[in-house]
Every structure is written in structure tokens, then in C-alpha cells.
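Going by the numbering used here, the first residue of the sequence shown is number 75, and it counts up by one from there. Yeah, the Cβ is synthetic: ideal placement off N, Cα and C, and Gly gets one too. These numbers come from a predicted model, not from an experiment. Here's the structure, in C-alpha cells; my notes come after.
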Amino acid sequence: MALRTIRTEGDPVLGKICKPVKDITPRISQLIDDMLDTMYDAGGVGLAAPQVGVLRRIAVVDVSEEGTEPVILINPEVIEQEGEQTGEEGCLSVPGVAGKVTRPEAVKVRSLDKNLNEVIYEAEGLKARAFCHEIDHLDGKLYTRLVEGELHEVTYEEEEEEE
Ligand code: NI
């Protein structure tokens, strides 16, 4: 398990447009594994490559309660969207705060998988929100620009250590 440092708001890398992935090199495979480890370690439901300082169009998402259903997005694009949902959103790169953001209720995302095969994901609710949030990161956009009203502080309870 290898953890990478999560960049935080103010780091210029978070404002840049990421480049498409053309080959799955050993370096890219390692990056994806590290992104999953880093996301789970931080207790997030999504992480995009620029958040660990790499300007590539890669993101990982896992909104399952057990954290066992990772989706790996490579060169993802929203190709359809429907409806609207307004709810709380946060970001590992903007620690300690959250805010209200409106996103599509459902999206269809075209992506590549780890073998560079095309996959279409249909998502709704939290998963749709996470897909939109992560894809925005690949275009250098943070959710904070979409917040309605004010950001507010959030405190996470420390997870109990398992014995
Ligand atoms: Ni984020």
C-alpha cells in the first residue's frame, strides 16, 4: 500500500486541465493503485489524479458503504445527464468544510477501463454526484465554485480503531 500526498486548495496543480491517458504504463497502473489506497485511507468516496499532483485524466470513485466497489475512470466524459439533486458536497482537497451543490440526479459516463476498453457507467444519486465532482477535477475545477450559500465547517468523528 502506497499513500500519496493529497494536494489542497491553493495548490496550482488543482486548477490545471489534465491530459488524456493513451497507454497504461506501469507508472499509470501504480498511480491507480496508489490513488485507491489514498482515497480509502482518507475516507473519501472519490479522488482524481491532480489531487495527488498528476495531470492525467484518471479518477477513482467508490460510494459503497464497505468501500469494496471501486470504479476506475480513465478519460471519462459525461455523455448524458438528467434531473437535478441538491446536497452536501466536500472534497479531500478542501478539508474540514462542506457546502451545498446542485448536480445532475443521473448521468451516463463514457470511460475507459484499466485495459483501455470503453465502458459506459450509468449512475444516480451520490454516485452521479461523485462522478461529476471527479470529472470536474480533471478540468481544474473545484466544487467550491458551485457552492450555493456558504461553506460550513464539518467535523468527522475519528474512526474507532479495530482491535
Ligand atoms: Ni474533490
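For this session: Within its chain, find whatever has a CB closer than 7 Å to the CB of H208; leave out the 5 residues flanking it on each side and keep chain order.
Result: If you number the sequence shown from 1, residue 208 lands on position 134. Residue 208 is actually Glu in this sequence, not His. Here the set comprises G120, A122, A133, V135 and L147.
Problem set entry | Beta-carbon proximity of I91 to L166, cut-off 8 Å | As a position in the sequence shown, residue 91 is number 17, starting the count at 1. As a position in the sequence shown, residue 166 is number 92, starting the count at 1. No; because the gap between Cβ atoms is not below 8 Å, this pair is not in contact.
For this session: Along the beta strand (DSSP E) that carries Y217, what are the first and last residues, could you check?
Result: Start at 1 with the first residue of the sequence shown, and residue 217 comes out as number 143. Segment: none, Y217 is in no beta strand (DSSP E) and carries neither H nor E.
For this session: Compare the Cα-Cα distances from L88 to each of R131, I102, L216 and T176 and report the closest residue.
Result: Here residue 88 refers to the residue found at position 14 when the sequence shown is read from its first residue. Checking every option, the nearest Cα to that of L88 belongs to L216.
Exercise. Looking at the structure shown, is I146 part of a helix, part of a strand, or coil, going by DSSP?
Worked result: Position 72 of the sequence shown, counting from 1, holds the residue named residue 146. In this structure, I146 counts as strand in the three-state DSSP scheme.
Problem set entry | Cβ-Cβ distance between E49 and K174 below 8 Å | Nothing can be reported for residue 49: it is not among the residues displayed for the chain, which extend from 75 to 237.
Exercise. Which residue or residues does DSSP assign as beta-bridge partners of K93?
Worked result: Taking the sequence shown and counting its residues from 1, the one referred to as residue 93 is at position 19. Beta-bridge partners of K93 (DSSP): R130.
Problem set entry | Limits of the alpha helix (DSSP H) - the one that R101 falls within | For the purposes of this step, residue 101 is taken as residue 27 along the sequence shown, with counting starting at 1. P100 to A116 is the span of the alpha helix (DSSP H), which, as asked, contains R101.
For this session: Could you tell me how far apart the beta carbons of Y82 and V168 are, in whole angstroms, since I believe they sit closer than 8 Å?
Result: The residue you call residue 82 lines up with position 8 of the sequence shown. The residue you call residue 168 lines up with position 94 of the sequence shown. Sequence inspection shows Thr at residue 82; the Tyr mentioned does not correspond to that position. Here T82 really is in contact with V168; their C-beta atoms are around 7 Å apart, less than 8 Å.
Exercise. Closer than 7 Å: is that where the CB of Y217 sits relative to any heavy atom of ligand 1?
Worked result: Within the sequence shown, residue 217 is the residue found at index 143, counting from 1. Inclusion of Y217 in the 7 Å shell around ligand 1 follows from its C-beta lying nearer than that to a non-hydrogen atom of the ligand.
Exercise. Any chance the CB of L200 is under 7 Å from a heavy atom of ligand 1?
Worked result: Looking up residue 200 in the sequence shown gives position 126. Every heavy atom of ligand 1 is 7 Å or more from the Cβ of L200, so no.
Exercise. By Cβ distance, which residues of its chain are closer than 8 Å to V193, with the 5 residues on each side in sequence left out?
Worked result: Indexing the sequence shown from 1 puts residue 193 at position 119. If you ignore the 5 residues before and after V193, its C-beta comes within less than 8 Å of the C-beta of R184, S185, L186 and D187, all in its own chain and listed in chain order.
Problem set entry | Per DSSP, the bridge partner or partners of G120 | Start at 1 with the first residue of the sequence shown, and residue 120 comes out as number 46. According to DSSP, G120 bridges with V135.
Exercise. Which of the three DSSP states, helix, strand or coil, is assigned to G84?
Worked result: Translated into the one-based positions of the sequence shown, residue 84 becomes position 10. DSSP places G84 in coil when its eight states are reduced to three.
Problem set entry | Identity of the residues DSSP links to H226 by a beta bridge | For this step, residue 226 is matched to residue 152 along the sequence shown. Beta-bridge pairing links H226 to A172.
For this session: Return the first residue and the last residue of the beta strand (DSSP E) that R184 is part of.
Result: Here residue 184 refers to the residue found at position 110 when the sequence shown is read from its first residue. Counting along the chain, the beta strand (DSSP E) containing R184 begins and ends at A180 to L186.
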